[in-house]
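J.: As given, the protein sequences belong to chains A and B, one line each in that order. The first sequence begins at 1 in the numbering used here and counts up one residue at a time. The second sequence begins at 255 in the numbering used here and counts up one residue at a time. Think of the CB as a built atom: it goes at the ideal place given N, C-alpha and C, for glycine as much as any other residue. Here it is, the structure in full.
There are 2 protein chains.
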Amino acid sequence: MPAALRPLHDGLALLALLSDASEAQGVSAVASRLGWPKSRAHRILAALVAAGYAARDDARRYRATPQVLALASGVMSRHPLRAHALPVLRRLCDRTGCDATLSVLHAGRSLAIAVDSPAGRPADDPFSTLGRTSWLHGAANGKVLLAWLPLAEQESLLSTLPLPRLTPRTITDRRRLAAELETVRAAGYAVNDRENHPAVFTVSVPVFDGFHRCLAALGLSRRPDDANALRLAEPLKRAAAGLTRTIAGLPPRS
Amino acid sequence: MPAALRPLHDGLALLALLSDASEAQGVSAVASRLGWPKSRAHRILAALVAAGYAARDDARRYRATPQVLALASGVMSRHPLRAHALPVLRRLCDRTGCDATLSVLHAGRSLAIAVDSPAGRPADDPFSTLGRTSWLHGAANGKVLLAWLPLAEQESLLSTLPLPRLTPRTITDRRRLAAELETVRAAGYAVNDRENHPAVFTVSVPVFDGFHRCLAALGLSRRPDDANALRLAEPLKRAAAGLTRTIAGLPPRS
DNA sequence: CCACCATGTTCCATATGGCGGAACACAGTC
DNA sequence: GACTGTGTTCCGCCATATGGAACATGGTGG
């Protein structure tokens with residue numbers, strides 16, 4: 001039953017494209033990227049502008065307006081995990097000098113719902129951006145989310161997910177990935193050493209709810225040099241345990 | 255030329271509604287809030303779910319998913335002002351113990367594009383949420399944005415904006431508001447003393463680009479008790495001046 | 001200077017697919 | 001068991017999205 005409410009579907013796709021694009025996009029660029037006829041791209045861009053979610057440059061190129069933030073504000077302020085995690089992230093990255101990211105599983109990817117970086121420095125880790133998603137097999141947070149997933153879902157994901165090679169070190173073999181997840185579960189934390197970006201090393205631990213279901217993954221990222229997993233893993237585990245304790249009393253949330 | 259691309263328009267409206275709503279909404283609730291027939295609400299909700307931006311509860315009620323964050327991530331990470339402002343916000347709120355908010359003018363409202371609160375405490379100010387918008391006449395940031403607007407636009411806004419009473423102290427008279435803006439320009443900062451929310455006191459200063467155009471407003475919020483505007487205004491002014499200096503070399507941005 | 005290409009915009013006959021009222025199903029309540 | 005509130009499905013009508021082609025526009029290079 002595809003092709004339902006096509007204007008809506010297309011509009012959201014276009015908005016996502018604009019949001020992702022680093023530069024303003026023209027009608028033709030949009031049309032070719034999405035495989036649309038120009039007239040459609042034009043029509044939908046005009047509608048997005050009319051709705052205030054996109055703006056047209058002097059050069060007739062389009063970008064997303066800050067109004068899209070309004071769409072996200074509710075989710076950001078309302079998510080209970082996020083609210084409780086923010087102070088924890090702050091302390092973690094101030095103490096370790098790393099970028100801290102809290103991610104949840106969404107649509108087969110790892111989605112960052114809370115982020116912080118050390119005082120006085122913008123985020124280093126290119127994946128440490130609110131709302132940014134990563135491949136599960138490449139990111140430490142992704143491995144954690146995968147490792148503590150109920151078996152049925154884990155197997156289903158493991159067999160259907162594509163495992164593209166993101167860097168030379170990415171795990172692209174399903175058997176090796178399964179073995180890695182075993183290791184992760186045993187150790188209680190996951191490591192990503194330049195497996196999804198050549199300049200990022202991450203350690204991640206799970207955050208549970210009251211029923212020991214893994215709700216999220218909490219990760220610390222730094223440059224790969226002299227990285228010492230254990231040094232990061234211990235404070236991380238303690239922080240996650242604290243979060244788990246705080247969350248345990250709260251109602252669950254998708 | 256209204257009523258163009260209605261499914262898109264409606265879908266965005268619905269998504270905004272879901273995002274704003276504090277609780278999950280049922281089909282009927284949505285329909286009545288937007289004045290739609292139930293069938294339309296149902297159809298569009300289904301489409302949003304199919305697109306992954308909404309999720310259906312066990313109780314058949316709908317909420318926005320974290321995927322909407324993905325729409326905002328680009329805008330957040332790409333906005334140059336925001337990137338440079340984040341460390342400044344961090345220092346400000348750690349030193350003063352207040353919530354810090356950077357806002358821009360968007361569609362006749364003040365829109366928060368960067369936010370921070372002191373370490374170890376969630377945000378106090380209910381308006382200190384990324385993407386949240388406020389009335390220009392009630393918020394300190396809004397007054398600043400209004401006060402340094404080019405005269406033509408300022409007058410146009412001043413004469414068209416409704417000035418609803420938000421608290422007993424809100425300025426609802428256009429003449430008084432104009433006088434207040436005069437004062438703000440003269441002082442170099444704006445104050446909002448429970449004019450917006452009974453428990454919020456805010457001081458705000460402008461951030462300029464290289465041509466002395468006011469790009470944004472930088473505000474500090476705290477509880478109204480023992481608030482001392484001058485104590486906050488001075489460090490604020492210094493921080494904003496620093497930001498202005500940093501920004502001056504950067505290309506302008508809507 | 002003009003031919004050229006790529007881009008943005010407008011137009012239009014067609015039929016796709018959104019439309020909403022009404023009928024249906026399902027709970028929970030008095 | 002009648003009732004009121006949900007959410008869901010159905011269907012004939014016709015609004016309106018569709019995309020190709022024609023029309024602008026403007027920058028580039030021969």
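1. Inspect the beta-carbon positions of P341(B) and L8(A) and report whether they are closer than 7 Å.
2. Would A119(A) pass as a contact of R344(B) if the rule is Cβ separation under 7 Å?
3. What residues in its chain sit with their C-beta under 7 Å from that of S282(B), if we drop five residues either side in the sequence?
4. Within a Cβ cutoff of 6 Å, which residues of the same chain sit near D378(B), ignoring the five residues on either side of it in sequence?
5. How many angstroms separate the CA atom of E23(A) from the CA atom of F211(A)?
6. When the Cα atoms are used, what is the spatial distance from V438(B) to L288(B)?
7. Secondary structure at R253(A), three-state DSSP: helix, strand or coil?
8. Mind pulling the alpha helix (DSSP H) runs of 4 or more residues that sit fully within the region 360-389 of chain B?
9. Report the residues of the region 318-340 of chain B with a CB closer than 8 Å to any CB of chain A, ordered along the chain.
10. What first and last residue would you give for the alpha helix (DSSP H) that runs through S221(A)?
11. Nearest-angstrom Cα distance between L259(B) and L145(A)?
12. Do L356(B) and A339(B) have their CB atoms nearer than 7 Å?
13. Note the first and the last residue of the continuous beta strand (DSSP E) segment covering D193(A).
14. List the residues of chain A that T383(B) touches, going by C-beta distances under 9 Å, in chain order.
15. Could you run through the region 292-316 of chain B and flag, in chain order, every residue whose CB is less than 9 Å away from some CB of chain A?
16. So what's L169(A) in DSSP terms, helix, strand or just coil?
17. Which residues, in order along the region 347-362 of chain B, keep a beta-carbon less than 9 Å from a beta-carbon of chain A?
18. I'd like to know whether the C-beta of G265(B) is nearer than 7 Å to at least one C-beta of chain A.
19. Do we get a CB-CB distance below 7 Å when we pair A258(B) with the residues of chain A?
20. Need the endpoints of the alpha helix (DSSP H) that V27(A) sits in, please.
21. Over the uninterrupted alpha helix (DSSP H) stretch that includes S156(A), give me the two end residues.
T.: Checking against the coordinates, here is how it stands:
1. no
2. yes
3. K292
4. D353
5. 45 Å
6. 38 Å
7. Note that R253(A) scores a pLDDT of 44, beneath 50, so its modelled location is shaky and nothing firm can be said.
8. none
9. A318, T319, P320, Q321, V322, L323, A324, L325, A326, S327, G328, V329, M330, S331, R332, H333, A337 and L340
10. Note, S221(A): premise wrong, no alpha helix (DSSP H); beta strand (DSSP E) at C214 to R222.
11. 39 Å
12. yes
13. A190 to D193
14. S73, G74, M76 and S77
15. R297, I298, A300, A301, L302, A304, A305, G306, Y307, A309 and D311
16. The displayed chain sequence assigns Arg, not Leu, to residue 169(A). In the structure shown, R169(A) sits in coil (DSSP, three-state: anything other than H, G, I, E or B).
17. D348, V358, H360 and A361
18. yes
19. yes
20. V27 to L34
21. L151 to T160
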